[in-house]
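Accompanying notes for the structure given below.
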Amino acid sequence: MKLTELANPTRFLTLAGRLLPWLAAATALALAAGLTQGMLAPDDYQQGATVKIMFVHVPNAWLAMFVWGVMSVASLGTLVWRHPLADVAAKTAAPIGAAFTFLALVTGSLWGRPMWGTYWEWDARLTSMLVLFLMYLGLIALWRAVEDPSRAARAAAVLTLVGAVNLPIIKFSVDWWNTLHQPASVVRVGGSTLDKAFLIPLLVTAIGFSLLFLTLHLAAMRNEILRRRVRSLQMMQASRAEAA
Amino acid sequence: MTALGAIIRRDIKIALRVGGGALIGVLFFLTVVVLMPFAVGPDLALLKRLGPAILWLGALLASLLTLDRLFTADAEDGSLDLIVMSRTPLELTCAAKALAHWLAAGLPLIVATPVLGLLLNLDGSASLAVMATLLAGTPALTFTGMIGAALAVALRRGGLLLAVLVLPLSIPVLIFGVSASQAAIVGPVSFGTPFSILCAISLLSLVIGPFAAAASLRQGLD
């Protein structure tokens, strides 16, 4: 199965329909396993039970950036290869990514209140995540402002690629500006500093949330393709009615 | 080269003539600065401390205000189609148009800064520092804003959307512009560190801006 064969929306629809139940089941399993493991994990010697917010917060923050990465690749697909499904992928990923970013911000501030004594701090990592959220919203607004889907797709693709500049800034913000948010501790040179008791549930929930994204994204793409079909059928009907 | 020179001359001429709107930016800048003492109170010490931030915000909003002139007027009278079809690479034309826009609308803001600094009780060296940071930072505002302006051409009412799309991209410029001017006035960081990052952002936007704007113009116009 090559990527070019997926270009046929009908073939994509059948494949997505076949994959979706399995993906949903795998998501439920991974999330259930990861979250229960996380709940059973020992309390941190400094942070107590609040450390468990990590198992939701960190995967959401990772996915917030990962989804923009997916959209950037899809945008390349729109601009360079004119792949017919690329703009569907980019469009449907944006609201999901915005939701992950929002959740990361909310869980982060809920975690920040007992730990740092404040819901919000204008720290580099927090601010750059907020900017990412604003850019998601701007992108969704751009999608909605243009009527013709293919035209909207190309405009949004340019903006997505420009916005990808923000991703390395978010990733390295904790290393460049030494402010309130803790520096990278899972993916770093020299191995993770996290204890195994926390690391394993974290990785499992990360896989779970990634599967969740994949499931939601495939379902949303399927809906979008069907919606476009309905739209073109309506246009055809309208033009036929006009001709008659 | 002559084509690009002609575009720059033409754009500056249009912008400075009646209805061109380049100098409205300065008027808007003045209005924002005048409004500030009404909002925060006429406390001169406080105004002095907030001065660089107020000047930067005013310049940012003023340059945003003039941005949608960059392509819409040309799109309305059809000259944008000719520009896209011409043999000169569209990326270079975009860069030339942005340069002309910066000369006509950005440079007057910088020239007005010391006068407005007086209103905010900034002393000479502080005004000079803000001017230097604006000189280094406003090209970045113009060149990233150009991307939004090019996207907005394809829309019928792009003005408001333009602000939503462009402002998040201009946050780094604002951060380092204000921190460089604060560093020059009170310290403790040396002026050079944030200032060189500001210059780096400007140079980066000089590279990315024309390509992204040209791409979105080509896509948007069909």
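Going down the list, the protein sequences come from chains L and S.
693 is the number of the first residue of the first sequence in the numbering used here; add one for each residue after it.
91 is the number of the first residue of the second sequence in the numbering used here; add one for each residue after it.
A virtual CB, placed ideally from N, CA and C, is assigned to each residue, including glycine.
| Asked | Found |
| --- | --- |
| Contacts that L:R843 makes with chain S (C-beta to C-beta distance below 8 Å) | A244, Q309, G310 and D312 |
| S:A165: first and last residue of the uninterrupted alpha helix (DSSP H) it sits in | R159 to D167 |
| Close beta carbons around S:S176, own chain, < 8 Å, minus the five adjacent residues each side | A93 and T183 |
| Exposure label - L:N858; buried when at least 16 CB within 10 Å | buried |
| Euclidean distance between Cα positions of L:Q729 and L:A720 | 14 Å |
| Within 8 Å, strictly: CB atoms of S:A230 and S:S292 | yes |
| S:L206 and S:V268 closer than 8 Å at C-beta | no |
| Contacts that S:A305 makes with chain L (C-beta to C-beta distance below 8 Å) | L771 and V850 |
| Classification of S:K103 by the beta-carbon crowding that lies within 10 angstroms, buried from 16 upward | exposed |
| Contact belief for S:S153 with S:L199 at Cβ below 8 Å, rounded distance in angstroms | 7 Å |
| Contacts of S:P258 in chain L (Cβ-Cβ under 7 Å) | V823, L826, M827 and G830 |
| Proximity test, Cβ basis, 8 Å: S:L210 and chain L | no |
| Beta-carbon contacts of S:L180 that lie in its chain and below 7 Å, excluding the five residues immediately before and after | V174, A304, L307 and R308 |
| Boundaries (first-last residue) of the alpha helix (DSSP H) holding L:Y828 | A816 to A837 |
| Closer than 7 Å at the beta carbon, the chain S residues around L:V838 | A244 and L245 |
| Rounded straight-line distance, which links the Cα of S:A105 to that of L:L797 | 43 Å |
| Beta-carbon proximity check, S:I97 vs S:A190, cutoff 8 Å | yes |
| Residue burial classification, L:S842 (beta-carbon count within 10 angstroms, cutoff 16) | exposed |
| Chain L residues whose Cβ lies nearer than 8 Å to that of S:L241 | L834, A847, V850 and L851 |
| 8 Å Cβ cutoff met for L:G647 and L:M821 | Outside the displayed span of chain L (693 to 936) sits residue 647 of chain L, for which this structure offers no information. |
| is_contact[S:R275, chain L] using C-beta, thresh 8 Å | The sequence given here places Ile at residue 275 of chain S; Arg does not occur at that position. No, no contact with chain L. |
| Neighbour list for S:V254 in chain L, Cβ cutoff strictly below 7 Å | G830 and A833 |
| Beta carbon proximity, L:V854 to chain S, threshold 8 Å | yes |
| Element boundaries [alpha helix (DSSP H), containing L:I745] | Careful: L:I745 lies outside any alpha helix (DSSP H) and carries neither H nor E. |
| Beta-carbon neighbours of S:I298, restricted to chain L and to distances below 8 Å | V854 and V857 |
| Minimum length 4: unbroken alpha helix (DSSP H) runs contained in the segment 242-297 of chain S | 249-259 and 261-275 |
| Under 9 Å from the C-beta of S:L251: neighbouring residues of chain L | G830, A833, L834 and A837 |
| Run of the alpha helix (DSSP H) containing L:N915, from where it starts to where it stops | K888 to A935 |
| Length of the line joining the Cα atoms of S:L212 and S:I114 | 24 Å |
| Cβ-Cβ distance between S:L241 and S:G310 below 8 Å | yes |
| Chain-ordered chain L contacts of S:I173 [CB-CB under 8 Å] | Under the 8 Å cutoff, chain L gives no residues; its nearest Cβ is about 18 Å from S:I173. |
| CB contact flag (S:P284, S:A273, <8 Å) | yes |
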